[in-house]
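J.:
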Amino acid sequence: MLYGSRFGNMTKELRKSEGGPFKTVSVPPREGITTGFAISPEAALVAATGRDWSFVHRGPGEKWDTLLTLGGPSFEDLAFSDSRHATLVRGGPGQEFAEVYRSDDAGVNWKLLKI
């Protein structure tokens, strides 16, 4: 089973294939332009940025939740290291600062890491 995403014309789609053509599973919230996408057996995460705000949307399913919203630099480099642990970077080169956030519960809660 493969998961993929399609982003264009301000529409985000979570798509799935079981060896054949990809089919749309669900549609994340429209807030922001996508800056990251990560999938695990427990969740799909989409990082997005728009109008000086950054969002992490969590699904899949009929209902997606936006569980992290922060103003300022955009979210980048969203990834799962296993089914429950995810990280993302906020800001980076050429910006005022960079921060790393981590989730231990597949994107439900996020903690700022002290580096």
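Quick note: the sequence shown uses this note's numbering, first residue 3, plus one each step. C-beta: ideal position from N, C-alpha, C; glycine also.
Look at PHE77 and VAL102 and say whether their C-beta atoms are less than 8 Å apart.
T.: no
J.: On the criterion of 16 or more Cβ atoms from any shown chain inside 10 Å, does GLY73 qualify as buried, or is it exposed?
T.: exposed
J.: Our contact map puts GLY109 next to ALA88 with C-beta atoms below 8 Å; I'd like the distance itself, whole angstroms only.
T.: 5 Å
J.: What is the rounded straight-line gap between the Cα of ARG17 and the Cα of ALA40?
T.: 12 Å
J.: Taking all protein chains shown into account, decide if GLY21 is buried (16 or more other Cβ within 10 angstroms of its Cβ) or exposed.
T.: exposed
J.: In angstroms with no decimal places, state the Cα-to-Cα distance between TYR5 and ARG53.
T.: Residue placement at TYR5 cannot be trusted, given a pLDDT of 48 that sits under 50; the coordinates are not used to answer.
J.: Note the first and the last residue of the continuous beta strand (DSSP E) segment covering TRP55.
T.: 55-61
J.: Starting from the Cα of LEU29, find the closest Cα among THR36, LYS65 and VAL91 and give me that residue.
T.: Correcting the residue identity first, residue 29 is Val in this sequence and not Leu. Checking every option, the nearest Cα to that of VAL29 belongs to LYS65.
J.: Buried or exposed for PRO95, please, with buried defined as at least 16 other CB atoms from any protein chain shown within 10 angstroms of its CB.
T.: exposed
J.: Let's test the definition: count the other Cβ atoms within 10 Å of the Cβ of ARG32 and tell me whether it reaches 16, buried, or not, exposed.
T.: Per the 10 Å Cβ criterion, exposed.
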